[in-house]
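Okay, so the sequence shown: first residue is 2 according to this note's numbering, each after it adds one. Where a beta carbon is used, it is the ideal one built from N, C-alpha and C, also for glycine. Keep in mind that this is a model prediction, so the values were computed, not measured. What follows is one structure encoded as structure tokens, with my remarks underneath.
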Amino acid sequence: MAKLLTKSKFKMALECPTKLWYYDRPDEYTNKLDEDSFLKALAEGGAQVEALARYYFLDGISIETSSTKEALERTQELIQRDSVTLFEASFQHQNYFLRADILQKRPGHIKIIEVKAKSISKKDEAKMTTKKGTVSSEWRLYIADIAFQKWVLEQLYPSFTISSYLMLVDKDTICPTDGLNQKFLVQKDCNGKAIVSLTTPITEKDISIKILREVNVDYHIELLWKEKNDEGQTVKDQFHHFSKIYFSEQKFPPKAKKECGDCNCL
């Protein structure tokens, strides 16, 4: 089966393109962050937030399958509808593949929502960009995540407008009920993936006030694609360059940086 470039690999390549070579060769590469308990806890927290987000879209249809082929087929079946909301919709353009947390299709328009276990306030939104007109380092990988998704969808649906949102924990909102987070129990399946189940049913009051906020990031995506590295390459140019190298199964020449001490790519 041909290698697929995903949003996770894209984010990894933005940090270090050489890691794409090792992604499919885990025995040859170690990174202290890979087994970091904090990152595991963060992933579990993200699963809880995503589970809550789905309750804000009661018409949503979840595509539950571990098979990439089946997920793509089911998505294509459902996306034929004029209006539909999907959870974990899968799309593939050439060897670029994505699963969208939440996707809404309406006539002529597609809205993608990436759910993150990160908090934000109205004041924080201004800090997503720097005074130099670039995406702030704190938000760069979050924007990269959904930038990849938007790009794939633009290739597949050129006649549609695509809008992109991050769904984040709203620091300006008070939860309408106590102990809402305790209703979402996180467990692991046989593959180690975080699975969320309910300890007690979600009530109308639980979702009467949204504690997750959608933030449009189309502008931030444009800024990210235009950013340049020291060689004058835009992020969009870099994306196409390391994609070509990855698909040809070549190793991107490593460039040592101060943060490289935790891995052995060199």
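With respect to the beta strand (DSSP E) encompassing residue i, which residues constitute its N-terminal and C-terminal limits?
{"i": "residue 102", "result": "97 to 107"}
{"i": "residue 88", "result": "85 to 94"}
{"i": "residue 178", "result": "Where residue 178 is concerned, there is no enclosing beta strand (DSSP E), given that its DSSP letter is neither H nor E."}
{"i": "residue 163", "result": "162 to 171"}
{"i": "residue 123", "result": "Here residue 123 belongs to no beta strand (DSSP E); instead the alpha helix (DSSP H) covers 123 to 126."}
{"i": "residue 6", "result": "From DSSP, residue 6 is part of no beta strand (DSSP E); its letter is neither H nor E."}
{"i": "residue 215", "result": "213 to 217"}
Excluding the 5 residues preceding and the 5 following residue i in the sequence, name in chain order all residues of the same chain whose CB lies nearer than 7 Å to its CB.
{"i": "residue 253", "result": "18, 19, 21, 22, 243, 246"}
{"i": "residue 8", "result": "99, 146, 149, 150"}
{"i": "residue 220", "result": "none"}
{"i": "residue 201", "result": "184"}
{"i": "residue 230", "result": "239"}
{"i": "residue 126", "result": "216"}
Please list, in chain order, all residues of the same chain as residue i whose beta carbon is under 6 Å from its beta carbon, the five residues on each side excluded.
{"i": "residue 108", "result": "83"}
{"i": "residue 11", "result": "149"}
{"i": "residue 15", "result": "145"}
{"i": "residue 162", "result": "110"}
{"i": "residue 104", "result": "87, 90, 113"}
{"i": "residue 5", "result": "96, 98"}
Under the criterion of a Cβ to heavy atom distance below 8 Å, does residue i qualify as lining the ligand NAP?
{"i": "residue 52", "result": "The model on display carries no ligand, and the ligand NAP is accordingly not part of it."}
How many angstroms separate the CA atom of residue i from the CA atom of residue j?
{"i": "residue 68", "j": "residue 133", "result": "43 Å"}
{"i": "residue 248", "j": "residue 204", "result": "47 Å"}
{"i": "residue 59", "j": "residue 168", "result": "16 Å"}
{"i": "residue 98", "j": "residue 153", "result": "8 Å"}
{"i": "residue 101", "j": "residue 256", "result": "32 Å"}
{"i": "residue 226", "j": "residue 13", "result": "16 Å"}
{"i": "residue 210", "j": "residue 177", "result": "6 Å"}
{"i": "residue 235", "j": "residue 186", "result": "42 Å"}
{"i": "residue 123", "j": "residue 207", "result": "22 Å"}
{"i": "residue 81", "j": "residue 142", "result": "31 Å"}
{"i": "residue 232", "j": "residue 224", "result": "18 Å"}
{"i": "residue 216", "j": "residue 140", "result": "12 Å"}
{"i": "residue 191", "j": "residue 78", "result": "28 Å"}
{"i": "residue 46", "j": "residue 179", "result": "18 Å"}
Check for me: the alpha helix (DSSP H) holding residue i runs from which residue to which?
{"i": "residue 238", "result": "236 to 248"}
{"i": "residue 58", "result": "Element bounds for residue 58: n/a, residue is neither H nor E."}
{"i": "residue 187", "result": "Careful: residue 187 lies outside any alpha helix (DSSP H), inside the beta strand (DSSP E) at 185 to 189."}
{"i": "residue 75", "result": "69 to 79"}
{"i": "residue 22", "result": "20 to 24"}
Keeping to the same chain, check which residues put their C-beta closer than 8 Å to that of residue i; ignore five residues upstream and five downstream.
{"i": "residue 137", "result": "128, 129, 130, 131"}
{"i": "residue 213", "result": "50, 53, 54, 57, 116, 168, 169, 170, 171"}
{"i": "residue 65", "result": "89"}
{"i": "residue 120", "result": "169, 170, 171, 172"}
{"i": "residue 37", "result": "For residue 37, the pLDDT reaches just 46, beneath the cut-off of 50, and the residue's location in the model is therefore unreliable, although a value from the coordinates is still provided. Correct list: empty, nothing qualifies."}
{"i": "residue 194", "result": "none"}
Run the CB neighbour count on residue i, radius 10 Å, all protein chains shown included, and call it buried at 16 or more, exposed below.
{"i": "residue 72", "result": "buried"}
{"i": "residue 199", "result": "exposed"}
{"i": "residue 184", "result": "buried"}
{"i": "residue 160", "result": "exposed"}
{"i": "residue 70", "result": "exposed"}
{"i": "residue 91", "result": "buried"}
{"i": "residue 189", "result": "exposed"}
{"i": "residue 106", "result": "buried"}
{"i": "residue 3", "result": "exposed"}
{"i": "residue 174", "result": "exposed"}
{"i": "residue 196", "result": "exposed"}
{"i": "residue 39", "result": "Since pLDDT at residue 39 reaches only 41, below the 50 mark, its modelled position is unreliable, and no value is offered."}
{"i": "residue 165", "result": "buried"}
{"i": "residue 75", "result": "buried"}
Going by the DSSP bridge assignment, what does residue i pair with across the sheet?
{"i": "residue 274", "result": "Lying before the first or after the last residue shown, residue 274 is absent from the chain, which here runs from 2 to 267."}
{"i": "residue 148", "result": "For residue 148, which the question treats as bridged, DSSP gives no partner whatsoever."}
{"i": "residue 197", "result": "187"}
{"i": "residue 120", "result": "170"}
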